[in-house]
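Sequential numbering of the sequence shown, starting at 353, is according to our numbering.
Don't be surprised by glycine CBs; every beta carbon is placed ideally from N, CA and C.
Worksheet: the structure to be examined is printed underneath.
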Amino acid sequence: MKAEPRCSPHELDLRIVLPSQVFGGAERTVLNLLEGMARLPTQPRVTLYGHADMLRPHLAGREDVAVVDVSGWGMGTSLRGLRSTRHDARLLANHVATHRDRTAKTVVLGFLHYGAAMAVWMRRFLADQPRLSVIASPRGPSCAGIPMISSDRTIRFLLHAHMALAGRWCDAVVVPSQGMRQELLTRYQGHPDRVVAIANSYPTVADAIWHEYAVRAPRPASAGTRFVMATRLSAEKNILLALEAFARHAPSHPEDTLTIVGDGPARAEIEANIAAHGLARQVQVQPFQREPFALIAQHDVYLHTCLIEGFGNSMIEALAVGVPVIATDCDFGPREIVMQGINGLLVPQHDVAAFARAMADIKTLPTERLRVAARDSAQIYTNFVMAARYVDVFCRV
């Protein structure tokens, strides 16, 4: 980090690059960041670069956030090659240079792996701009995650190369977990003073939902345990592991249920798996919900089975509404969030039998105390805490 005096939040012109067209964890994190910054005594001016059709429905009432619609710029949403990445970064850099507030300190924040790759080149293209810093923020494990992003060896090489360059060229790299920070330092030789881990947060609405459901009457044990997942239905989420585990668990616990909330390319495979196991009575798949927190709060245990995870927003969202978590120990988030026997259970990755045992074991823990512990453990993940830490970095770079 730079040694010059820190500025104040109101002196910041923050420009967030969010190169995606699908609403997911990174987009939720940006909304939580905006929500958290609104709770600060003073806050930066914010401009979002992204696809307006995806962003604006989530920004209702946020007149303080400007949206620059890049959908007509011919930009990509993922890395396609070095030339196209430099081209996209130059388009953004030119817009920032032309429209930035020159009376303020400008901070450019590039989200996701592609946003981080563009941040590398934006740092180069904006090198002559006074009082301007560029931060990269990749959101998932790279060594394990990049092979899932692309099967093209050249694209994989470029993604790895940009991760290494981000830790050396950008003014800072912000990642959501200590595991990701360690990966940047050891595998990509990032500068220790420039790589910062800031945990993601849950939205404020979860607090109101917790207070609403905290007074609910306890359900009798005979009513069964209600398991729930809220995730994109895709291969890297490994939902079939949860279904295989539930298929082993269900015969001994016929009153238990599993609800899967989300949409995605694996939906047909998931529904076929449910039918093949004869679980149609106990397992249901519901469509994606923008804010599934109230639905999660109506359940007893949250399941998380991702193959990779930079953090795992859905876990802290479940904890915030008092729902404990059973998670597989993937890189990197679950092991930093789940405390064994306190706010849930952590099981070895790919171990269906262990996951099924955890589904039975969690039923033996005191339900009400587990719910309260889950909620209490989420308090370090408020969006105020996250936003304050981000803004502190913005003011120091």
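Rounded to whole angstroms, valine 369 and arginine 619 show a C-alpha spacing of 30 Å. In terms of Cβ geometry, glycine 492 and glycine 662 form a close pair [threshold 8 Å]. Per DSSP, the unbroken alpha helix (DSSP H) holding aspartate 728 starts and ends at 719 to 729.
Residue nearest to histidine 362 within the set Thr394, Leu659 and Tyr733 is Thr394 (criterion: CA-CA distance). Excluding the 5 residues flanking it on each side, tryptophan 562 has same chain C-beta neighbours closer than 8 Å at Ala649, Ala672, Val673, Gly674 and Arg727, in chain order.
Threonine 506 is classed as exposed because its beta carbon has fewer than 16 other beta carbons within 10 Å across all chains shown. Exposure of aspartate 405 is indicated by the presence of fewer than 16 other C-beta atoms within 10 angstroms of its C-beta. The distance from the Cβ of alanine 456 to that of aspartate 365 is about 4 Å, consistent with a contact at the 8 Å cut-off. With fewer than 16 other beta carbons inside 10 angstroms of its own, cysteine 495 counts as exposed.
Nearest to alanine 471 by C-alpha distance, out of Leu593, His439, Arg452 and Ser502, is His439.
Within the same chain, and ignoring the five residues on either side of serine 372 in sequence, the residues whose Cβ sits closer than 6 Å to its Cβ are Thr429. One Cα belongs to threonine 450, the other to leucine 443, and the distance between them is close to 11 Å. Taking a contact as a CB-CB distance under 8 Å, the pair valine 526 and serine 489 counts as one, their CB atoms being some 5 Å apart. Listed as beta-bridge partners of aspartate 421 by DSSP are Gly402. For threonine 538, the enclosing alpha helix (DSSP H) begins and ends at 530 to 538. Taking leucine 537 as the centre and dropping the five residues before and after it, the same chain places the C-beta of Pro544 and Val547 closer than 7 Å to its C-beta, in chain order. Segment contact: the segment 649 to 658 against the segment 571 to 580, three or more CB-CB distances shorter than 8 Å; contact assigned. In the DSSP assignment, aspartate 559 forms no beta bridge with any residue. Assigned with DSSP and collapsed to three states, leucine 517 falls in helix. In the structure shown, arginine 709 adopts helical secondary structure according to DSSP, grouped into three states. Looking at the backbone, the Cα of glycine 433 and that of isoleucine 694 are separated by about 46 Å. Here glutamate 607 is exposed: its Cβ has fewer than 16 other Cβ atoms, across all protein chains shown, within 10 Å. The residues Thr611, in chain order, have a CB closer than 7 Å to that of glutamine 636 in the same chain once the five nearest residues on each side in sequence are set aside. A Cβ-Cβ contact shorter than 8 Å links leucine 385 with tyrosine 742. Glutamine 692 counts as exposed, since fewer than 16 other C-beta atoms from the protein chains shown sit within 10 angstroms of its C-beta. Valine 398 places its beta carbon 8 Å or farther from that of phenylalanine 746. Residue state for glutamate 643 is assigned as coil, using DSSP reduced to three classes.
Ranking Leu431, Ala469, Leu655 and Ala378 by CA distance to the CA of serine 502 puts Leu431 first. Note on geometry: alpha-carbon atoms of glutamine 530 and methionine 500 lie some 21 Å from one another. Between leucine 461 and isoleucine 498, the C-beta gap is not smaller than 8 Å, which leaves the two residues out of contact. Residues of the same chain with a CB within less than 7 Å of the CB of alanine 441, apart from the 5 flanking positions on each side, are Met470, Trp473, Met474 and Phe477 in chain order.
In this structure, asparagine 552 sits near threonine 381, with a CB-CB distance shorter than 8 Å. A direct Cα-to-Cα measurement between phenylalanine 684 and alanine 418 gives close to 33 Å.
Rounded to whole angstroms, serine 729 and threonine 437 show a C-alpha spacing of 40 Å. The three-state secondary structure of glutamate 661, taken from DSSP, is strand. In this structure, glycine 377 sits away from asparagine 735, with a CB-CB distance that is not shorter than 8 Å.
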